[in-house]
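Protein chains: 4
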Amino acid sequence: MTQDKYAQVRLISKPENMLKTIYTACRTCYSADSPLNIYDCDSAQDEEKMLKLISKVVSSGHYSTIEHIQVSFAISNISRACSHQLVRHRHMSFSQKSQRYVKEKGQFDYLTPDTIENNSELKQKFDDFMGKISEFYLELTDAGIPAEDARAVLPNAASTSMVASLNLRELIHLANLRLCTRAQKEIRILVKRMCEELIKEEPWLKDYLVPKCERWGFCDEDKSCGRMPVKGQ
Amino acid sequence: MTQDKYAQVRLISKPENMLKTIYTACRTCYSADSPLNIYDCDSAQDEEKMLKLISKVVSSGHYSTIEHIQVSFAISNISRACSHQLVRHRHMSFSQKSQRYVKEKGQFDYLTPDTIENNSELKQKFDDFMGKISEFYLELTDAGIPAEDARAVLPNAASTSMVASLNLRELIHLANLRLCTRAQKEIRILVKRMCEELIKEEPWLKDYLVPKCERWGFCDEDKSCGRMPVKGQ
Amino acid sequence: MTQDKYAQVRLISKPENMLKTIYTACRTCYSADSPLNIYDCDSAQDEEKMLKLISKVVSSGHYSTIEHIQVSFAISNISRACSHQLVRHRHMSFSQKSQRYVKEKGQFDYLTPDTIENNSELKQKFDDFMGKISEFYLELTDAGIPAEDARAVLPNAASTSMVASLNLRELIHLANLRLCTRAQKEIRILVKRMCEELIKEEPWLKDYLVPKCERWGFCDEDKSCGRMPVKGQ
Amino acid sequence: MTQDKYAQVRLISKPENMLKTIYTACRTCYSADSPLNIYDCDSAQDEEKMLKLISKVVSSGHYSTIEHIQVSFAISNISRACSHQLVRHRHMSFSQKSQRYVKEKGQFDYLTPDTIENNSELKQKFDDFMGKISEFYLELTDAGIPAEDARAVLPNAASTSMVASLNLRELIHLANLRLCTRAQKEIRILVKRMCEELIKEEPWLKDYLVPKCERWGFCDEDKSCGRMPVKGQ
Numbered sequence: 001m002t003q004d005k006y007a008q009v010r011l012i013s014k015p016e017n018m019l020k021t022i023y024t025a026c027r028t029c030y031s032a033d034s035p036l037n038i039y040d041c042d043s044a045q046d047e048e049k050m051l052k053l054i055s056k057v058v059s060s061g062h063y064s065t066i067e068h069i070q071v072s073f074a075i076s077n078i079s080r081a082c083s084h085q086l087v088r089h090r091h092m093s094f095s096q097k098s099q100r101y102v103k104e105k106g107q108f109d110y111l112t113p114d115t116i117e118n119n120s121e122l123k124q125k126f127d128d129f130m131g132k133i134s135e136f137y138l139e140l141t142d143a144g145i146p147a148e149d150a151r152a153v154l155p156n157a158a159s160t161s162m163v164a165s166l167n168l169r170e171l172i173h174l175a176n177l178r179l180c181t182r183a184q185k186e187i188r189i190l191v192k193r194m195c196e197e198l199i200k201e202e203p204w205l206k207d208y209l210v211p212k213c214e215r216w217g218f219c220d221e222d223k224s225c226g227r228m229p230v231k232g233q
Numbered sequence: 234m235t236q237d238k239y240a241q242v243r244l245i246s247k248p249e250n251m252l253k254t255i256y257t258a259c260r261t262c263y264s265a266d267s268p269l270n271i272y273d274c275d276s277a278q279d280e281e282k283m284l285k286l287i288s289k290v291v292s293s294g295h296y297s298t299i300e301h302i303q304v305s306f307a308i309s310n311i312s313r314a315c316s317h318q319l320v321r322h323r324h325m326s327f328s329q330k331s332q333r334y335v336k337e338k339g340q341f342d343y344l345t346p347d348t349i350e351n352n353s354e355l356k357q358k359f360d361d362f363m364g365k366i367s368e369f370y371l372e373l374t375d376a377g378i379p380a381e382d383a384r385a386v387l388p389n390a391a392s393t394s395m396v397a398s399l400n401l402r403e404l405i406h407l408a409n410l411r412l413c414t415r416a417q418k419e420i421r422i423l424v425k426r427m428c429e430e431l432i433k434e435e436p437w438l439k440d441y442l443v444p445k446c447e448r449w450g451f452c453d454e455d456k457s458c459g460r461m462p463v464k465g466q
Numbered sequence: 467m468t469q470d471k472y473a474q475v476r477l478i479s480k481p482e483n484m485l486k487t488i489y490t491a492c493r494t495c496y497s498a499d500s501p502l503n504i505y506d507c508d509s510a511q512d513e514e515k516m517l518k519l520i521s522k523v524v525s526s527g528h529y530s531t532i533e534h535i536q537v538s539f540a541i542s543n544i545s546r547a548c549s550h551q552l553v554r555h556r557h558m559s560f561s562q563k564s565q566r567y568v569k570e571k572g573q574f575d576y577l578t579p580d581t582i583e584n585n586s587e588l589k590q591k592f593d594d595f596m597g598k599i600s601e602f603y604l605e606l607t608d609a610g611i612p613a614e615d616a617r618a619v620l621p622n623a624a625s626t627s628m629v630a631s632l633n634l635r636e637l638i639h640l641a642n643l644r645l646c647t648r649a650q651k652e653i654r655i656l657v658k659r660m661c662e663e664l665i666k667e668e669p670w671l672k673d674y675l676v677p678k679c680e681r682w683g684f685c686d687e688d689k690s691c692g693r694m695p696v697k698g699q
Numbered sequence: 700m701t702q703d704k705y706a707q708v709r710l711i712s713k714p715e716n717m718l719k720t721i722y723t724a725c726r727t728c729y730s731a732d733s734p735l736n737i738y739d740c741d742s743a744q745d746e747e748k749m750l751k752l753i754s755k756v757v758s759s760g761h762y763s764t765i766e767h768i769q770v771s772f773a774i775s776n777i778s779r780a781c782s783h784q785l786v787r788h789r790h791m792s793f794s795q796k797s798q799r800y801v802k803e804k805g806q807f808d809y810l811t812p813d814t815i816e817n818n819s820e821l822k823q824k825f826d827d828f829m830g831k832i833s834e835f836y837l838e839l840t841d842a843g844i845p846a847e848d849a850r851a852v853l854p855n856a857a858s859t860s861m862v863a864s865l866n867l868r869e870l871i872h873l874a875n876l877r878l879c880t881r882a883q884k885e886i887r888i889l890v891k892r893m894c895e896e897l898i899k900e901e902p903w904l905k906d907y908l909v910p911k912c913e914r915w916g917f918c919d920e921d922k923s924c925g926r927m928p929v930k931g932q
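Residue numbers (the numbering used here), protein chains in the order written: chain A, 1 to 233; chain B, 234 to 466; chain C, 467 to 699; chain D, 700 to 932.
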């Protein structure tokens, strides 16, 4: 787990028997044999054989077979701006730290955008301003305003944390969209780290956890970042 | 459309032939006749007959037949705190004003929570503070910080607007959860207005767009607000 | 509505104000103006202006803005084999004729696959066999076996009907997959007719309701039908 | 795994660290601590403490925290009639044996409904008839009709197999609906076995994997089976 000012991400749960489960799902569609026998068969003991079949199926875009695998990440140190982008992915499951129920006791944590951090004068003003927001928040809660209302003054920069789960099909979709240079830097780093955490344990996924342009061979945005040509050019 | 400090809500789209579509869906499941004939039949010209069947089906909890109806609302004047609660409903579709792409040009609009509004001293401080945030935001954007980064200082109180669509099954679910007094006041008023806008045109929905306790006859929260007894008491 | 041995499809419901709703959704994301004002503005009275913006947004793959539009089809004369493929699209809503609750009273309707129909000898045997299945079904129900159990003998060829609803994003996805020549002929014709019904009323959708290879410029199946080259060739 | 004429079900995959993951998700919502620290804390080593919190949260209907856990089942020996009911649960993921791609080589397997099995005369006729269907299917494939068309004659009784995955929230919903005596016997037994397989390993789930009437304290169907009174009586 990388330790810097960006997202901290740890893979906290993945299924037992990940490969065997996907392999059994792939073969069940095309086999006269039952999934129970497939699961117990010799090939399902041979990682190389399983990977060969799985790669073939996933490369053909038949992603339903990898929906069977769901993984969970513990995520902290992301801004509320970033978490709001993430929770728009409606096939994911989230348990996020609540600003309604968790009252800040002192200076809240926050993320400083790079464009501000790289300007020392603005950075100083930004830090001072976060301090003022914190003071006003505490003044409100001290005056008896409940946390769920006092949070009205907390900024998008305030940090949050969550447990987030998604299946491999959705993770590939998330990577396709959010590893694109059009995505904002903070979520791009977050999703990159989610992918890296999983690839450490399942290296075969490396080829699929890429920006959409690498999947298609072209860029479908208005302007390309240069990685791939715009469609039709 | 009510005009006050809370959500402004207007129903901007609903299907032609709402009742006929639900009626045809209900009857298709149980009839030897084709949905095309059912749609054209005499009963499908008789609103009272259709409503009688639909009420029976929906009251039995067979909500799949009302998924066929989707409605769209234009919503403005809600806080980002409120919109973040709303977008967690993953069966809904949203097009929300982007803080990445829309740069604030002057004082941003914001919502003041009632607990703060009702305290004139805090209310004054709150307004002053929103002014300071606005000044700092404009200082950042004037210094060349892009809107997507300057928004880091914008508060949860900042107002937003969106187009939101959902089918009737999800609207009933939304009402069940968010009309409960445990929901925060701002989203409770928002959802109430969404329901009212629709009920004006489709009064038969009134009995279903209620908090969950009215549907079940008991409260499943830790403590009841008094409307219904807690389950098992 | 085409009348032949294949699917009968009629568009029975679409939203009022389809274009204005999508236009308002698209502009809301990028505008300082409220969706209510956008909806009422001059441009929203000008179909050509609206279509220009919508085309730009949809061509860039930003499909969330067209989720706001859901359409409903009455479908009959498809085989249960075909309906089982269709109901696997999990973003759709279905109300299907139930074999549990609707008892067949005489010869059930059925669809004959083309490969059998084109062979007069096999076609005769097929028709005779459907007759025998019907006789046995009626023997079972006459003996008091409930319809939900007697249906055990009914074949995949038996026809069914349904009301099916989906939003435009899902319809594009459905067209992308099921207009591909790899899809089975019956569902290909069904989806083609769903698209045609809608294009009659909304011709601008024509460019998007195409097989996936036309969207991508390449074929991602094992073998191409010749329409587009396989990816990487 | 029970061996009889009904569904064979085996739990083939569940997440490592199931309890710790749910516990971390529950506490993340209400804690100032990060999910990474919660995951590593002392309480997350104490099964009893974790179960106490989880039970409290799930009993209050806050099911989003158990979406993080997805489980996979290998299922065989169910009829196509039964699988068609199961695949209508749109939050589940399925990989089902394909009748398009898997050609039957001899007598296909099938399930005989109890009402037919219990009548020896009808049972004999039913078996004979399944034999005749098989003969005709083989005649068609021998004549060069592809499996995807020859399957038109295969009956709802034909058996199928699949890998099916779902999260705990959806499993509770599935149990609520399909353990009800209004569900058909075959799917009731299938879902009961799915629940039993999981309860063997996670006994704490026993209280939640129940028919809906046990959750609500009343029956919302037209007529009650007697287990619970109809709502309002």
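For glycine and all other residues, C-beta sits at the position ideal for the given N, C-alpha and C.
Asn543/C: member of the beta strand (DSSP E) spanning Gln536 to Ser545, first to last residue. Residue state for Ile245/B is assigned as strand, using DSSP reduced to three classes. Counting C-beta pairs with one atom in each stretch, the region 703-710 of chain D and the region 235-242 of chain B have fewer than three that are closer than 8 Å, which means they do not touch. Per DSSP, the continuous beta strand (DSSP E) segment holding Gln329/B begins and ends at Ser326 to Gln329. Contact note: Trp903/D does not reach chain B at a C-beta cutoff of 8 Å; the least C-beta distance is about 19 Å. Note that the region 629-637 of chain C touches the region 533-552 of chain C; at least 3 beta-carbon pairs, one per stretch, sit closer than 8 Å. For Asp127/A, no Cβ of chain C is located within less than 9 Å of the residue's own Cβ.
For the C-beta of Lys14/A, the chain D residues within less than 8 Å are, from N- to C-terminus, Pro714 and Glu715. For Ser394/B, not one C-beta of chain D is nearer than 9 Å to its own C-beta. In this structure, Arg169/A keeps its C-beta atom at 9 Å or more from the C-beta atom of Ser55/A.
Spatial neighbours of Asn176/A in its own chain (CB-CB distance under 8 Å, excluding positions within 5 residues in sequence) are listed in chain order as Val210, Pro211, Lys212 and Arg215.
The beta-carbon of Ile378/B is placed less than 9 Å from the nearest beta-carbon of chain A. A distance below 8 Å between beta-carbons, with the five flanking residues on each side excluded, links Val619/C to the following residues of its chain, in chain order: Ile599, Phe602, Tyr603 and Leu606.
Straight through space, the alpha carbons of Cys646/C and Asp615/C are spaced by roughly 36 Å. The shortest C-alpha to C-alpha distance from Asp207/A to any of Ile116/A, Phe126/A and Gly61/A is the one to Gly61/A. Taking every protein chain shown into account, the CB of Cys781/D has 16 or more other CB atoms within 10 angstroms, so this residue is buried. For Pro621/C, the closest of Arg887/D, Gln798/D and Glu896/D by C-alpha to C-alpha distance is Gln798/D. At least one CB of chain C lies nearer than 9 Å to the CB of Asp222/A. Under DSSP, Thr626/C shares a beta bridge with Ile544/C.
At the C-beta level, Tyr101/A and Ser79/A stay beyond 9 Å of one another. Any Cβ of chain D closer than 9 Å to the Cβ of Leu588/C would place that residue at the interface, and such an atom is present.
Of the residues assessed, Arg227/A falls on the exposed side of the cut-off, its CB having fewer than 16 other CB atoms within 10 angstroms.
For Thr21/A, the uninterrupted alpha helix (DSSP H) run begins and ends at Met18 to Tyr30, by DSSP.
At least one CB atom of chain D sits nearer than 9 Å to the CB of Gly450/B. The Cβ of Lys518/C sits no closer than 9 Å to any Cβ of chain A. The alpha carbon of Glu885/D has as its nearest neighbour, out of Thr811/D, Arg850/D and Tyr722/D, the alpha carbon of Thr811/D. Contact check for Ser328/B against Thr494/C passes: the beta carbons are separated by less than 9 Å. Within chain A, no C-beta atom comes nearer than 7 Å to that of Arg402/B; the closest sits roughly 16 Å away. Only buried fits Cys452/B, as 16 or more other CB atoms lie within 10 angstroms of its CB. In this structure Asn250/B is in contact with Ile478/C, their Cβ atoms being roughly 7 Å apart against a cut-off of 8 Å.
Beyond the five residues adjoining it in sequence on each side, Met283/B comes within less than 6 Å, by CB distance, of Leu252 and Tyr256 in the same chain, given in chain order.
When Ser730/D, Asp739/D and Val757/D are compared, the shortest CA-CA separation from Trp903/D is found for Val757/D. Under the DSSP assignment, Lys123/A falls in the alpha helix (DSSP H) whose first and last residues are Ser120 to Asp142. Residue contact check for Val786/D against chain C: a CB pair falls below 9 Å. Contact annotation, Val696/C with Val786/D: C-beta distance approximately 31 Å; criterion of less than 8 Å not satisfied. Counted as a single uninterrupted DSSP element, the alpha helix (DSSP H) harbouring Glu816/D occupies residues Asp813 to Glu816.
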